[in-house]
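Protein chains: 2
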Amino acid sequence: MYGPGDVHVEEREDPTIVEPTDAIIRLAATCICGSDLWPYRGAEPVEHQVMGHEYVGVVQEIGSAVRTVKVGDFVVGSFWASDNTCDICRAGYQAYCVHRVLMGTLGTQSELARIPLADGTLVATPGQPDPDLIPSLMAASDVLGTGWFAAVAAEAGPGKTVAVVGDGAVGLLGILAARQLGAERIIAFSRHADRQALAREFGATDIVAERGDAGAEKVKELTGGLGAHSVIEAVGTQEAMMQAIHSTRPGGHVGFVGVSHDVAIPGDELFMAGVHIHGGPAPVRRFLPELIQLIWDRTIDPGKVFDLALPLEQAAEGYKAMDQRTAIKVLLTV
Amino acid sequence: MYGPGDVHVEEREDPTIVEPTDAIIRLAATCICGSDLWPYRGAEPVEHQVMGHEYVGVVQEIGSAVRTVKVGDFVVGSFWASDNTCDICRAGYQAYCVHRVLMGTLGTQSELARIPLADGTLVATPGQPDPDLIPSLMAASDVLGTGWFAAVAAEAGPGKTVAVVGDGAVGLLGILAARQLGAERIIAFSRHADRQALAREFGATDIVAERGDAGAEKVKELTGGLGAHSVIEAVGTQEAMMQAIHSTRPGGHVGFVGVSHDVAIPGDELFMAGVHIHGGPAPVRRFLPELIQLIWDRTIDPGKVFDLALPLEQAAEGYKAMDQRTAIKVLLTV
Chain A
8 MYGPGDVHVE EREDPTIVEP TDAIIRLAAT CICGSDLWPY RGAEPVEHQV
58 MGHEYVGVVQ EIGSAVRTVK VGDFVVGSFW ASDNTCDICR AGYQAYCVHR
108 VLMGTLGTQS ELARIPLADG TLVATPGQPD PDLIPSLMAA SDVLGTGWFA
158 AVAAEAGPGK TVAVVGDGAV GLLGILAARQ LGAERIIAFS RHADRQALAR
208 EFGATDIVAE RGDAGAEKVK ELTGGLGAHS VIEAVGTQEA MMQAIHSTRP
258 GGHVGFVGVS HDVAIPGDEL FMAGVHIHGG PAPVRRFLPE LIQLIWDRTI
308 DPGKVFDLAL PLEQAAEGYK AMDQRTAIKV LLTV
Chain B
8 MYGPGDVHVE EREDPTIVEP TDAIIRLAAT CICGSDLWPY RGAEPVEHQV
58 MGHEYVGVVQ EIGSAVRTVK VGDFVVGSFW ASDNTCDICR AGYQAYCVHR
108 VLMGTLGTQS ELARIPLADG TLVATPGQPD PDLIPSLMAA SDVLGTGWFA
158 AVAAEAGPGK TVAVVGDGAV GLLGILAARQ LGAERIIAFS RHADRQALAR
208 EFGATDIVAE RGDAGAEKVK ELTGGLGAHS VIEAVGTQEA MMQAIHSTRP
258 GGHVGFVGVS HDVAIPGDEL FMAGVHIHGG PAPVRRFLPE LIQLIWDRTI
308 DPGKVFDLAL PLEQAAEGYK AMDQRTAIKV LLTV
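Residue numbers (the numbering used here), protein chains in the order written: chain A, 8 to 341; chain B, 8 to 341.
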């Protein structure tokens, strides 16, 4: 990305093993993330920067210290490389690994990528996947893992009513996650017919078109005046965060994964709300083994969030489609 | 309280049963809360208002619908009257009961008090308490229950390092709670020798005098660079809240019970911190049976936070002592 709105696909030098814990993978697919739109729209600084942090592919080369992944393995990894052995990783917070490396700084919208801390970061699939599984495995790398984390952070589960703020790929997969985790009722906030349809397919039982406090009021109406037990916030704006907090009953849980932009939570409102809040960059690595198995067994089909697939060379078109909301999420084939 | 800094003790009409679910209690003691200092200092509006929301005493009269408390019972209640039967109460959030009544609006810095929803609100002690147990039972009504909730919200427990922001009565009793809940290490932020001594007596293993980010840095130094697992915020200011968040390791828990004043939590900092936040007015009723038993068995002695006892008539002196920090917490004998 040369600058806001300005995406080029160009030849670069092949990545090489730098640390003995690195692996080089040949990507089977990559994709464009909702968070890539922040710099694209000028809301985050960007200047001639490699892009992409989602990836699936085949291991092409490993460093001398790599033990658990082999050349030829089909692997999925997350947007934070992590050692998976430090105290923070072992507590399930691999996105905060003491040795973490942000994959976005290396770039995975490419044919080849260097993956640091390969043993901790990469999870191999049970075998070479059928081609139709690739989009779902791709989703596991970020949007599914992030939606799943949001649902776990919101403590979605049996007997719970879950509300989901945000009908982008992460919000939609938060619905899928809440359903898998056993939620009784799932309320999706959405105004777009195509996203509403996918929300219902993933498990939403109710759709609310209202936003902000009007949306929160609607959730209260649907829940005997109390609010939802669990609310997922997958947008990152002030309105979305307050809508999430106000939609949650006292003692309930907000799981937030929208990358915060100009959000400030008033302390007195949080104090009076009595909700739990937890979120941030998802520790996708925690969930990868489970998610890969669910996809492998064809129990879930999160790849449906990709409603446009383009060859990598047409990445600029993909950014445009997501920016203009003509696509929910764009898969880039390599 | 006629206005900021202006406290009078005067004769008022005796309270009477209004609803059939009411009880009238004769107070054995009452006390002044840290939160009473906000209006006293002019930080909250106040105009000729009854004061007090903490109470222990003997049931003198009950309404026709009261079933579980009897005339003559010695009882402890919380600052929110609650039915203890609604969905919110049953989830353990009695401070948000759908029928809740704020005791501060009725006033318990008095000889007699009307307690709404007596069956749900009041917990009887196993018998008439020895006089030396009264301060501890009094503490259970608010400061102990609040400190306990903060420790539970922060998920203090075995193997955990807990840091406590705030060395007032609630913070000190948060230390006691963390100790009882099995915390391995307890770091108290304090600059006052007398409070440091009580903190150590209640179970603090480390004292940190630094505040704000310097204080958070110190906690990180003490925890291998990671931060505490659990942090209690018992102040309610911006500095205290951010100190708490910055002292917590990713995936850790902040339990906040300081009444928020002009606090705004930046969304991006919360996002990047990866902590859990939970707090608000404590559902003290959830913990009362357990706390009363611990006090009755003389396992804990939370009454030590009262370092000044005055007769009710001298309430104005008590407010002054707490305002000027010459007392941690003032017991008013009735």
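For each residue, glycine too, the CB sits at the ideal point set by N, CA and C.
| Asked | Found |
| --- | --- |
| First through last residue of the beta strand (DSSP E) which encompasses B/A161 | From DSSP, B/A161 is part of no beta strand (DSSP E); its letter is neither H nor E. |
| Inter-residue spacing [alpha-carbon to alpha-carbon] between A/K188 and A/K167 | What sits at residue 188 of chain A in the sequence shown is Leu, not Lys. Computed Cα separation, rounded: 10 Å. |
| Sequence ranges, alpha helix (DSSP H) only - wholly within the region 222-291 of chain A, length at least 4 | 245-254 and 274-280 |
| Alpha helix (DSSP H) segment containing A/A200, residue limits | A200 to F209 |
| Alpha-carbon spacing of A/V266 relative to A/A241, whole angstroms | 8 Å |
| Close-in-space but distant-in-sequence residues of the same chain around A/V73 (CB under 8 Å, 5 per side omitted) | P27, T28, D29, A30, A125 and D126 |
| A/Y62, enclosing beta strand (DSSP E) - first and last residue | Y62 to I69 |
| Beta-carbon proximity check, B/R186 vs B/I194, cutoff 8 Å | no |
| Proximal residues, the region 75-105 of chain A versus chain B, C-beta separation under 8 Å | D94, I95, A98, G99, Y100, A102, Y103 and V105 |
| Supposed contact pair A/Q135 and A/A81 - C-beta distance, whole angstroms, cut 8 Å | Reading the sequence as shown, one finds Phe at residue 81 of chain A and not Ala. Indeed they touch by this definition, with Cβ atoms about 5 Å apart. |
| Distance CB(B/L360)-CB(B/L319) smaller than 8 Å | Residue 360 of chain B lies beyond the residue range present for chain B, which begins at 8 and ends at 341; the question has no answer from this structure. |
| Chain A residues whose Cβ lies nearer than 7 Å to that of B/D43 | What B/D43 touches in chain A: nothing, since even the nearest Cβ is about 17 Å away. |
| Short-range partners of chain B found in the region 275-288 of chain A, where Cβ spacing is below 9 Å | D275, E276, L277, F278, M279, A280, G281, V282, H283, I284, H285, G286, G287 and P288 |
| Under 8 Å from the C-beta of B/L229: neighbouring residues of chain A | What B/L229 touches in chain A: nothing, since even the nearest Cβ is about 14 Å away. |
| Beta strand (DSSP E) segments (min. 3 residues) lying fully within the region 73-104 of chain A | 81-84 |
| Sequence ranges, beta strand (DSSP E) only - wholly within the region 15-48 of chain B, length at least 3 | 30-38 |
| CA-to-CA distance, B/T255 to B/I368, given in whole angstroms | Here chain B has residues from 8 to 341 only, and residue 368 of chain B is not among them. |
| Closest Cα partner of B/V341 within the set B/E228, B/V65 and B/T128 | B/V65 |
| Environment of B/L109 [buried if 16+ CB atoms lie within 10 Å] | exposed |
| Where the region 231-250 of chain A meets chain B: residues whose CB sits under 8 Å from a CB there | G231, G232, L233, G243, Q245 and M248 |
| Proximity test, Cβ basis, 8 Å: B/S267 and chain A | yes |
| Proximity test, Cβ basis, 8 Å: B/R256 and chain A | yes |
| Euclidean distance between Cα positions of B/L295 and B/G84 | 8 Å |
| Local conformation of A/D220 per DSSP, three classes | helix |
| Proximal residues to A/G243 (C-beta, below 6 Å), its chain only, five neighbours per side dropped | G265, V266, S267 and H268 |
| Limits of the unbroken beta strand (DSSP E) element including B/K336 | K336 to T340 |
| Status (buried if at least 16 other CB within 10 Å, exposed otherwise) for A/P123 | buried |
| Chain B contact residues for A/V169, given Cβ-Cβ distances below 8 Å | Residues of chain B passing the Cβ test: none, with the nearest at roughly 16 Å. |
| Residue from A/D330, A/G258, A/A235 and A/G49 whose Cα sits closest to the Cα of A/E191 | A/A235 |
| Chain-ordered chain A contacts of B/V270 [CB-CB under 9 Å] | I272, P273, G274, D275, L277 and F278 |
| Exposed unless 16 or more other CB atoms sit within 10 angstroms - verdict on B/T153 | buried |
| A/Y326 versus A/V171 - alpha carbon distance | 25 Å |
| Euclidean distance between Cα positions of B/G287 and A/M279 | 6 Å |
| Residue range of the beta strand (DSSP E) that includes A/T115 | Here A/T115 belongs to no beta strand (DSSP E), and DSSP marks it neither H nor E. |
| The beta strand (DSSP E) enclosing B/P318, as first and last residue numbers | F313 to P318 |
| Contact check, A/G222 vs A/F196, beta carbons under 8 Å | yes |
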